[in-house]
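Quick note: the sequence shown uses this note's numbering, first residue 3, plus one each step.
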Amino acid sequence: MKKVLHAGLVCSLLTVCSWAQTPVFKILPWNDHQAAVSLTFDDADTVQLDRVVPELNKRHLHGTFFLTIARLTRIDDWRKAQQEGHEIGNHSVTHEHAATLTKAGEETQVEDAKKFLDSNFRTSVGIFAYPYEESSPGLIFWVKRYDFAARGWQGRGEARYVKPDADPDWYNLPSQPVYTQYGPAVYQGWVDKALSMGAWTTIQMHGIDDPSTGWEPIPSTTFEFLLDYLQAKQREGLWVAPFGEVAAYFRAQRILERTAPRPVNGGQQFTWNVPSLFPQGVVLKVRVPEAKHAQLWQGGRRLHADRKGIYSVSFDARELLVEGGE
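Here it is, written out as structure tokens:
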């Protein structure tokens with residue numbers, strides 16, 4: 003009897019090890035791109051409507067605008083930017099230092115801003131950026147309650163670049179702030195490093211040219227250089243996408259990669275939970291290595307690979323069946 007139990011235990015361990023070493027499928031990082039860059043803009047400065055949005059639109063690029071409610075004007079123009087594909091995020095009600103907030107104030111800064119944005123933009127805003135990159139246990143508590151991801155500290159060195167096998171703090175994702183003194187070569191270096199590392203980096207901006215337009219304004223010529231460079235690299239495999247879009251893909255990827263399969267009629271059944279407040283419509287790009295006869299199913303519907311052998315897997319479906327593959 004002991005020998006039977008021992009054999010069963012060994013078999014189970016081999017099954018787990020086999021899954022760990024030779025996964026049934028591979029999720030392609032960064033939406034099947036070499037690396038990712040997100041452009042974010044803080045505080046609802048009107049220069050972003052007048053100069054940033056038009057320059058992004060001209061190049062068919064989309065950014066994330068973290069809006070501070072007390073500074074928000076021209077809301078119709080912000081709604082138009084959202085309709086054009088730009089992302090809206092929560093940057094608190096009044097942009098206070100974390101250390102100055104009471105417990106009630108921590109809740110108000112996150113919850114009231116979200117309610118305002120949800121109502122006025124007719125969507126569920128699920129991303130947050132901490133004012134001054136400062137957080138506290140109370141702020142983090144409310145951000146986790148109302149958001150699925152948050153932009154946090156600056157990070158240092160390679161910590162500013164999130165690799166596809168990383169386990170980041172989803173509520174303290176790093177970014178790189180621009181400074182007026184930086185020239186085009188600095189930003190080119192940031193983009194090139196993301197590509198060389200196969201990683202995601204987020205760039206944080208405020209004003210353009212004049213200090214009155216926002217903190218550490220980036221010169222317009224440098225800004226336009228950065229956009230042109232991103233557009234060129236996009237043609238070479240860089241994913242330039244809003245912060246929340248990249249964060250959602252990456253978080254969904256990591257969840258599915260950690261989902262252990264369950265044997266079902268000769269196949270492998272994967273089931274997972276979707277985090278609360280997670281955006282709908284996330285689709286993961288999946289390839290089945292060395293499996294010409296594999297079949298993928300979701301909700302009783304067979305998935306078909308595209309010409310490159312890539313399957314589009316719906317994260318909302320919460321389940322995936324992989325059959326065959328021998």
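Glycine included, each C-beta is placed from N, C-alpha and C at the ideal position.
From the DSSP output, read off the bridge partner residues of Trp2.
The chain is shown only over 3 to 328; residue 2 falls outside these bounds and no answer can be derived.
For the candidate residues Phe280, Lys235, Phe245 and Gly268, whose alpha-carbon lies nearest to that of Ile257?
Phe280
Quick check on this structure: which residue in Leu119, Gln236 and Ala196 has the alpha carbon closest to the alpha carbon of Gly74?
Sequence check: residue 74 is Leu here, not Gly. Nearest of Leu119, Gln236 and Ala196 to Leu74, Cα basis: Leu119.
Cβ neighbour criterion (16 or more within 10 Å) applied to Glu160:
Exposed, by the Cβ-count rule.
To the nearest angstrom, how far is it from the Cα of Arg309 to the Cα of Val242?
Whole-angstrom Cα-Cα distance: 23 Å.
Who are the Cβ neighbours of Ala254 in its own chain at under 7 Å, not counting the five residues just before and after it?
Val284, Leu286 and Phe317
Cβ atoms of Thr42 and Ile142: under 8 Å apart, would you say?
Against a cut-off of 8 Å, the Cβ pair of Thr42 and Ile142 comes out as no contact.
Hey, is the segment 30-42 in contact with the segment 229-247, meaning 3+ C-beta pairs nearer than 8 Å?
yes
Rounded to whole angstroms, what is the Cα-Cα separation between Ala152 and Ala250?
11 Å
DSSP state of Gly140 mapped onto helix, strand, coil
In the structure shown, Gly140 sits in a helix (DSSP, three-state: H, G or I).
Chain-order list of residues whose beta-carbon lies under 7 Å from that of Gln190 (same chain, five-residue window excluded)
If we look at Gln190 and ignore the five residues flanking it on each side, its Cβ neighbours are Tyr231.
Through-space distance from Gly87 to Arg124, alpha-carbon basis:
14 Å
Would you grab the beta carbon distance between Ile129 and Phe252 for me? Rounded to a whole angstrom, and I think it's under 8 Å.
The Cβ separation is near 13 Å, so there is no contact.
Give the secondary structure of Gln271 by DSSP, where H, G and I count as helix, E and B as strand, and everything else as coil.
strand
Pull the bridge partners of Gly91 from the DSSP assignment, please.
Paired residue(s): Phe68.
Classify Tyr313 as helix, strand or coil using the three-state DSSP reduction.
Tyr313 carries a strand assignment under DSSP once its states are collapsed to helix, strand and coil.
Rounded to whole angstroms, what is the Cα-Cα separation between Gly185 and Glu226?
12 Å
Output needed for Thr224: all residues of its chain with C-beta closer than 8 Å, excluding positions within five of it in sequence on either side, in chain order.
Tyr184, Gly185, Pro186 and Tyr189
For the segment 89-109 against the segment 61-71, do three or more pairs of beta-carbon atoms, one drawn from each stretch, fall closer than 8 Å, so that the two count as touching?
yes
Asp78, buried or exposed, once every other Cβ within 10 Å from all chains shown has been counted against 16
That one is exposed.
Contact set for Asn122: own chain, Cβ-Cβ below 7 Å, skip 5 residues either direction
Ile77
7 Å Cβ shell around Lys146 - same chain, five flanking residues per side excluded
So the qualifying residues of the chain are Tyr173.
Runs of 3 residues minimum, wholly inside the segment 243-267: which ones carry the beta strand (DSSP E) assignment?
264-266
What are the boundary residues of the alpha helix (DSSP H) that Val285 is part of?
Note, Val285: premise wrong, no alpha helix (DSSP H); beta strand (DSSP E) at Val285 to Arg289.
On the DSSP bridge list, what partners appear for Gln111?
According to DSSP, Gln111 bridges with nothing at all.
Nearest to Thr215 (by Cα), restricted to the options Gln50, Val39 and Gly268:
Gln50
Quick one: residues in its chain with C-beta nearer than 8 Å to the C-beta of Gly311, no 5 flanking neighbours on either side, listed in chain order?
Arg289 and Val290
Can you tell me whether His329 is buried or exposed? The criterion is at least 16 other CB atoms within 10 Å of its CB, across all chains shown.
Only positions 3 to 328 of the chain appear in the structure, and residue 329 is not among them; the question remains open.
Taking the straight line between their C-alpha atoms, what separation do you get for Ala83 and Gly268?
For Ala83 and Gly268, the distance between alpha carbons rounds to 49 Å.
Quick check: Pro263 and Gln270, are their CB atoms within less than 8 Å of each other?
Yes. Within cutoff.
Three-way DSSP call (helix, strand, coil) for Gly236 in this model
The sequence shown places Gln at residue 236, rather than the Gly named in the question. Assigned with DSSP and collapsed to three states, Gln236 falls in helix.
For Leu229, the nearest candidate out of Asp45, Asp44, Asp47 and Arg53 (CA to CA)
Arg53
Can you tell me whether DSSP reads Gln282 as helix, strand or coil?
coil
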